[in-house]
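Have a look at the structure below, then the notes.
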Amino acid sequence: MQTAGPEDVSFLDNRRYAGLLAQTKAGAVILHPDFAEKVPEGCIALAVPEPYVGWAKISALFYPFPQAVPGIHPSAVIDPSAVVDASAEIGAGAVIGAGAQIGAGTSIGALAYVGPGVVVGRDCRIHAQVTLSHAILGDRVVIYPGARIGQDGFGFAISKTGFTPVPQLGRVLIGDGAEIGANSTIDRGSAQDTIIGPGVHIDNLVQIGHNVNIGAFSVVVAQAGISGSTQIGQGVMIAAQAGLTGHLKIGDKARIGAQSGVMQDVPTGEEVLGAPAQNVKSFFREVITLRKLAQSGRKGPKQGSDKE
Amino acid sequence: MQTAGPEDVSFLDNRRYAGLLAQTKAGAVILHPDFAEKVPEGCIALAVPEPYVGWAKISALFYPFPQAVPGIHPSAVIDPSAVVDASAEIGAGAVIGAGAQIGAGTSIGALAYVGPGVVVGRDCRIHAQVTLSHAILGDRVVIYPGARIGQDGFGFAISKTGFTPVPQLGRVLIGDGAEIGANSTIDRGSAQDTIIGPGVHIDNLVQIGHNVNIGAFSVVVAQAGISGSTQIGQGVMIAAQAGLTGHLKIGDKARIGAQSGVMQDVPTGEEVLGAPAQNVKSFFREVITLRKLAQSGRKGPKQGSDKE
Amino acid sequence: MQTAGPEDVSFLDNRRYAGLLAQTKAGAVILHPDFAEKVPEGCIALAVPEPYVGWAKISALFYPFPQAVPGIHPSAVIDPSAVVDASAEIGAGAVIGAGAQIGAGTSIGALAYVGPGVVVGRDCRIHAQVTLSHAILGDRVVIYPGARIGQDGFGFAISKTGFTPVPQLGRVLIGDGAEIGANSTIDRGSAQDTIIGPGVHIDNLVQIGHNVNIGAFSVVVAQAGISGSTQIGQGVMIAAQAGLTGHLKIGDKARIGAQSGVMQDVPTGEEVLGAPAQNVKSFFREVITLRKLAQSGRKGPKQGSDKE
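Listed in order, the protein sequences are those of chains Z, B and V. Read in order, the letters of the first sequence are residues 969 to 1276 in our numbering. Read in order, the letters of the second sequence are residues 969 to 1276 in our numbering. Read in order, the letters of the third sequence are residues 969 to 1276 in our numbering.
Here it is, written out as structure tokens:
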């Protein structure tokens, strides 16, 4: 809102910024009906119950999702046994391995690597320098630059005589419409598959261990990590820098707060926070309890002298 | 065990899943002798004291470690002064710098970059899109996609007049059989070398600062970070998302728990947890103390009214 | 100091290592005047008030910053509409998109990708396998291997009917002399720009969300993360693995401790630590309070029996 001019559409979603509304020079502002009467003169209020969704839809009209430009760059290296749809776009320096399949309308970015046998569905966006191996992708999947999908997980057995490597034999299955952030890593399954459900959104620098299964429309924010074989329900929100140990079950619509350290199963709909993670209200009760205690300890001697 | 059929071998290692044993349709299950009599009819119990090690060894018989396919892909760019063994495999689009050496039986993945003067030993697996610079690798080293080895560390002196860059002059030395996970970063030494001992296993998205020295067969799990000049003993376990400040000494066989924030030296064999990290038992005693206190504080008023 | 010989210059900066001074065989040691009289015979004491700065300056005389070697490697792919200065160096396999501009004396590393319209200033070092898109870089910017600059941020509106993608329309603007570490990720702005001020130093594996603005000469250490739209002042220090939620304001010269979880604005010059982050002294007071409490609780029963 601060930089928009009379030719621009802006939006007000975070109420924290409501005070800036009076100063906007935007031609129109998308906002909640509560604020519609507070726009300055000359500014049109576009009132909708969910302003950020409104902004998303309006800006997509002006900036539609870019289409693949069909064709294979002459510098790309395509194995003769790979099957690339004629409507797909293969960027400069990309490498496509034996038996790989690239679907209609999909673009493979510059210097990306698609390993042998990998299947990429329709209308996917595989950005620059991504690695795909041992993976099957649905349609409309977006993989941001530098993500690593399908390498061997951290698989070795520790015994008294040292480490024994455990062959990693599974795949990564990624559902329709899922998105994987820049430089995130998703390991292939060991004896089963690692599964990323449809519509799952994974942010940058996230680590997903082998055999993890993430249910549809769950969200994993930046730098979070999920250890091997943990099962995440549908519609779960895992905030930034949270860590989950292995072999857990996280129920549908659970919410894992930022930097949480989750060491136990989380029931459906539960919101947890802290390390070890616990119910969010209990967490804040502990924070307040300790804060008061440390402060009273500090005041303690003074109170003592007051009594005298 | 849940998906295996009569032609398959499965395993039971985590006792948490023991309840599933009765339902398995696997032809054979590798398990601890304690469970050998609980396999269903028609299933062969392969009882061994360390079931996961047994699984590792048996599955390696069926899926042996892939061998390098000797040859240089025509799209690779090899400096004329580099020395590539005739039995090595160089992938599509890989770039090998001046004076680099690639040992017998080693494979360099597609689009990987091996900088000037880097030495890679025998039977190594350098996966796609890895960067190696200022590094000397032993034999049987595995580097997963996107790992960055040997770039300048975070080296600058802060004074009243601003930042003065400090030339980073050391190397990264990686011992035989070490493994480095996807998108992990290991900075070159500043005035000495960064050293990764033989058999060390580093997971994905780990940060290793300049001059760090990690002793043989230590393990660093995903998203952990070790600051500059810290010395890690042998057989140390550093769990996921742990952070160690610089210039510390961590004794042999120490165990650093997940998300720990280690600000002091850790003695040999000690197990620490929390931030600031402390003895693991002390950590959990504090967790319980605070939990009880917050709960009693909550009940406090009620107890007060009981007294009336 | 431990490995230097009579032909070498060494330095003593961390007082922790002062005990090693007597044993050094270095020809000269840069150190604080306090230690100048403690060098062994035959060793020259180079006494300066800031020894690490002195080391930086002296070592830079011996190891000057490498210059770009002008020229375009024949395997690089340069769009005909890109403008590459004749004094720039373009590495093997690099890809430069339509309309991109590469300034004088700049080097673009092997297998790096510079997207359409990206502007890179003079004397920059863009290392191997970096991705640049939707970005404008000043002069003397250094980007380490595998960093991802300018991809779409985590932008979607969540409503009752699911996720609506929000077009990401901004850029990343990077000031003169800024440095971005290996495998770090900086998302492009959504409706405005993401801004990295001049002289900012960002370490490895750091996440910077969309619309973040980092003031001049601030430092962000490894694996820290800054969520969308947070504003960081000048000269701020953000230590390793810290996390900041979105839409915060961090004052000039504030210090955010390692692993802090910052959920509120931080005033100018304040030092915070912990999760939720608080004043560093308050944090340690709480740590000590809880530690004492847990220890006294442990002794409690014994004291009870003493009373009998």
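All residues carry an ideal CB built from backbone N, CA and C; glycine is no exception.
*Look up ALA1013 of chain Z in the DSSP assignment and say whether it is helix, strand or coil.*
For the purposes of this step, residue 1013 of chain Z is identified with residue 45 of the first sequence, where counting begins at 1. Strand.
*asked:* Under 7 Å, CB to CB, which of the residues in the region 1039-1063 of chain V have a partner in chain Z?
replied: Here the close residues are VAL1045, GLY1061 and VAL1063.
_Suppose contacts are defined by Cβ-Cβ distances below 9 Å. Is CYS1011 of chain Z in contact with GLY987 of chain Z by that definition?_
Locating residue 1011 of chain Z in the first sequence gives position 43, counting from the first residue. Locating residue 987 of chain Z in the first sequence gives position 19, counting from the first residue. One thing to note: CYS1011 of chain Z has its Cβ no nearer than 9 Å to the Cβ of GLY987 of chain Z.
*asked:* Please report the straight-line C-alpha distance between GLY1089 of chain B and ALA1150 of chain B, rounded to a whole angstrom.
replied: Taking the first residue of the second sequence as 1, we reach residue 1089 of chain B at position 121. Taking the first residue of the second sequence as 1, we reach residue 1150 of chain B at position 182. Cα to Cα, the separation comes out at about 20 Å.
*Per DSSP, what kind of secondary structure is ALA1081 of chain Z in: helix, strand or coil?*
As a working mapping, residue 1081 of chain Z is identified with position 113 in the first sequence. Sequence inspection shows Tyr at residue 1081 of chain Z; the Ala mentioned does not correspond to that position. Of the three classes helix, strand and coil, the one that applies to TYR1081 of chain Z here is strand, per DSSP.
_Please classify THR971 of chain Z as buried or exposed, where buried requires at least 16 neighbouring CB atoms within 10 angstroms._
For the purposes of this step, residue 971 of chain Z is taken as the residue at position 3 of the first sequence. Flag for THR971 of chain Z reads exposed.
*Could you tell me which of B:SER1195, B:ILE1148, B:ASP1161 and B:SER1197 sits nearest to SER939 of chain B, measuring between CA atoms?*
Only positions 969 to 1276 of chain B appear in the structure, and residue 939 of chain B is not among them; the question remains open.
*Cα-Cα separation between ILE1200 of chain B and HIS1178 of chain B, rounded to whole angstroms*: On the second sequence, residue 1200 of chain B is found 232 positions in, with the first residue counted as 1. On the second sequence, residue 1178 of chain B is found 210 positions in, with the first residue counted as 1. ILE1200 of chain B and HIS1178 of chain B: Cα-Cα distance of roughly 13 Å.
*Consider the Cβ of PHE1185 of chain V: report whether some Cβ of chain B lies at a distance smaller than 9 Å.*
By 1-based counting over the third sequence, the position of residue 1185 of chain V is 217. Yes, its Cβ sits closer than 9 Å to a Cβ of chain B.
_When you compare the CB of SER978 of chain B with every CB in chain V, is at least one pair closer than 9 Å?_
Numbered from its first residue, the second sequence carries residue 978 of chain B at position 10. No Cβ of chain V is located within less than 9 Å of the beta carbon of SER978 of chain B.
*Nearest candidate by alpha-carbon position, reference PRO1048 of chain B, set B:GLY1065, B:SER1152, B:ARG1253 and B:THR1162*: Reading the second sequence from its first residue, position 80 is the one you call residue 1048 of chain B. The residue among B:GLY1065, B:SER1152, B:ARG1253 and B:THR1162 with its C-alpha nearest the C-alpha of PRO1048 of chain B is B:GLY1065.
*Within its chain, find whatever has a CB closer than 6 Å to the CB of GLN1271 of chain V; leave out the 5 residues flanking it on each side and keep chain order.*
What you label residue 1271 of chain V is simply residue 303 of the third sequence in a count that begins at 1. Because the pLDDT at GLN1271 of chain V is just 39, under 50, the model does not fix this residue reliably, and the point stays unresolved.
_Could you pull the DSSP bridge partners for PHE1131 of chain B from this structure?_
Sequence index remark: in the second sequence, residue 1131 of chain B carries index 163 (1-based). B:ILE1126, per the DSSP bridge assignment.
_Every unbroken beta strand (DSSP E) within the region 1036-1118 of chain V, with a cutoff of 3 residues, ordered by chain_ = You should have 1103-1105.
*Tell me whether GLU1254 of chain Z is buried or exposed, calling it buried when 16 or more other Cβ atoms sit within 10 Å of its Cβ.*
Working through the first sequence from its first residue, we reach residue 1254 of chain Z at position 286. Counting the other CB atoms within 10 Å of its CB gives GLU1254 of chain Z a total of 16 or more, which places it among the buried residues.
*Report all residues from its chain with a CB closer than 6 Å to the CB of ALA1184 of chain V; omit the five preceding and five following residues, and keep chain order.*
For this step, residue 1184 of chain V is matched to residue 216 along the third sequence. Within the same chain, Cβ atoms closer than 6 Å to the Cβ of ALA1184 of chain V are found at GLY1165, PRO1166, GLY1167 and GLN1202, the five residues on either side in sequence being excluded.
*Residues bridged to PHE1185 of chain V (per DSSP)*: Residue numbering aside, residue 1185 of chain V sits at position 217 when the third sequence is read from its first letter. Answer by DSSP bridge pairing: none, since PHE1185 of chain V is not bridged.
*Cutoff 9 Å: LYS1270 of chain Z Cβ touching any chain B Cβ*: One-based indexing of the first sequence puts residue 1270 of chain Z at position 302. Bear in mind that the predicted position of LYS1270 of chain Z carries a pLDDT of just 42, short of 50, making it unreliable; the figure below should be weighed with that in mind. So, not an interface residue.
*With 16 other CB atoms within 10 Å as the buried threshold, where does ASN982 of chain Z fall?*
Position 14 of the first sequence holds residue 982 of chain Z. That one is exposed.
*Limits of the alpha helix (DSSP H) - the one that ALA1024 of chain Z falls within*: Here the question's residue 1024 of chain Z lines up with position 56 in the first sequence. Where ALA1024 of chain Z is concerned, the enclosing alpha helix (DSSP H) stretches over 1019-1030.
*Decide if the region 1121-1136 of chain B is in contact with the region 1076-1096 of chain B; the criterion is three or more beta carbon pairs, one per stretch, under 8 Å apart.*
Touching, no.
*Go ahead and label ILE1256 of chain B buried or exposed: buried means 16 or more other beta carbons lie within 10 angstroms of its beta carbon, across all protein chains shown.*
Along the second sequence, read from residue 1 onward, the residue named residue 1256 of chain B stands at position 288. ILE1256 of chain B is exposed by the Cβ-count criterion.
*State buried or exposed for GLY1268 of chain Z, treating a residue as buried only when at least 16 other CB atoms are found within 10 Å of its CB.*
Here residue 1268 of chain Z refers to the residue found at position 300 when the first sequence is read from its first residue. For GLY1268 of chain Z, the predicted structure reports a pLDDT of 46, less than 50, and the residue's modelled location is therefore unreliable. A value from the coordinates is still provided. It is exposed - the Cβ of GLY1268 of chain Z has fewer than 16 other Cβ atoms within 10 Å.
*Using a beta-carbon distance below 9 Å, is TYR1081 of chain V in contact with chain Z?*
Walking along the third sequence from the start, residue 1081 of chain V turns up at place 113. Closer than 9 Å: yes.
*Which residue or residues does DSSP assign as beta-bridge partners of GLU1239 of chain Z?*
Numbered from its first residue, the first sequence carries residue 1239 of chain Z at position 271. According to DSSP, GLU1239 of chain Z bridges with Z:ARG1223.
*Leaving out the 5 sequence neighbours to the left and right, which residues in its chain are closer than 8 Å to ASP1107 of chain Z when beta-carbon positions are compared?*
To locate residue 1107 of chain Z, count along the first sequence from 1; it is residue 139. Closer than 8 Å at the Cβ level, and outside the excluded window around ASP1107 of chain Z, lie GLY1071, GLY1089, ARG1090, ASP1091, CYS1092, ASP1144 and GLY1145.
*What's the C-alpha gap between VAL1240 of chain Z and PHE1124 of chain V?*
Taking the first sequence and counting its residues from 1, the one referred to as residue 1240 of chain Z is at position 272. Taking the third sequence and counting its residues from 1, the one referred to as residue 1124 of chain V is at position 156. VAL1240 of chain Z and PHE1124 of chain V: Cα-Cα distance of roughly 23 Å.
*Between the beta-carbon of ALA1222 of chain V and the beta-carbon of PHE1122 of chain B, is there less than 9 Å?*
Translated into the one-based positions of the third sequence, residue 1222 of chain V becomes position 254. Translated into the one-based positions of the second sequence, residue 1122 of chain B becomes position 154. Contact: no.
*asked:* Give me the DSSP bridge partner(s) of HIS1169 of chain V.
replied: Here the question's residue 1169 of chain V lines up with position 201 in the third sequence. Answer by DSSP bridge pairing, in chain order: V:GLU1147 and V:VAL1187.
*asked:* Starting from VAL1278 of chain V, trace the beta strand (DSSP E) in both directions and tell me its first and last residue.
replied: Shown here, chain V extends from 969 to 1276; a query on residue 1278 of chain V therefore has no answer.
*What does HIS1095 of chain B touch in chain Z if you count any residue whose Cβ is under 8 Å from its own?*
Counting from one through the second sequence, the residue named residue 1095 of chain B turns up at place 127. Those are THR1099 and GLN1119, listed as they occur along chain Z.
*Taking ILE1176 of chain V and ILE1154 of chain V to be in contact with their CB atoms under 8 Å, please state how far apart those CB atoms are, rounded to whole angstroms.*
By 1-based counting over the third sequence, the position of residue 1176 of chain V is 208. By 1-based counting over the third sequence, the position of residue 1154 of chain V is 186. Beta-carbon to beta-carbon, ILE1176 of chain V and ILE1154 of chain V are separated by about 4 Å, close enough to satisfy the 8 Å threshold.
*Hey, does ALA1262 of chain B have any beta-carbon neighbour from chain V nearer than 9 Å?*
For the purposes of this step, residue 1262 of chain B is taken as the residue at position 294 of the second sequence. By the rule that beta-carbons nearer than 9 Å mark a contact, ALA1262 of chain B does not touch chain V.
*asked:* Assuming SER978 of chain B is part of the beta strand (DSSP E), what are its boundary residues?
replied: Translated into the one-based positions of the second sequence, residue 978 of chain B becomes position 10. Taken as a continuous stretch (DSSP letters only), the beta strand (DSSP E) holding SER978 of chain B covers 977-979.
*Can you round the beta-carbon distance between GLY1313 of chain B and GLY1061 of chain V to whole angstroms, since I take them to be within the 8 Å contact cut?*
The structure shown does not extend to residue 1313 of chain B, since chain B is modelled only from 969 to 1276, so the question has no answer here.
*asked:* Along the chain, where does the beta strand (DSSP E) containing ALA1192 of chain Z start, and where does it finish?
replied: Translated into the one-based positions of the first sequence, residue 1192 of chain Z becomes position 224. Element bounds for ALA1192 of chain Z: n/a, residue is neither H nor E.
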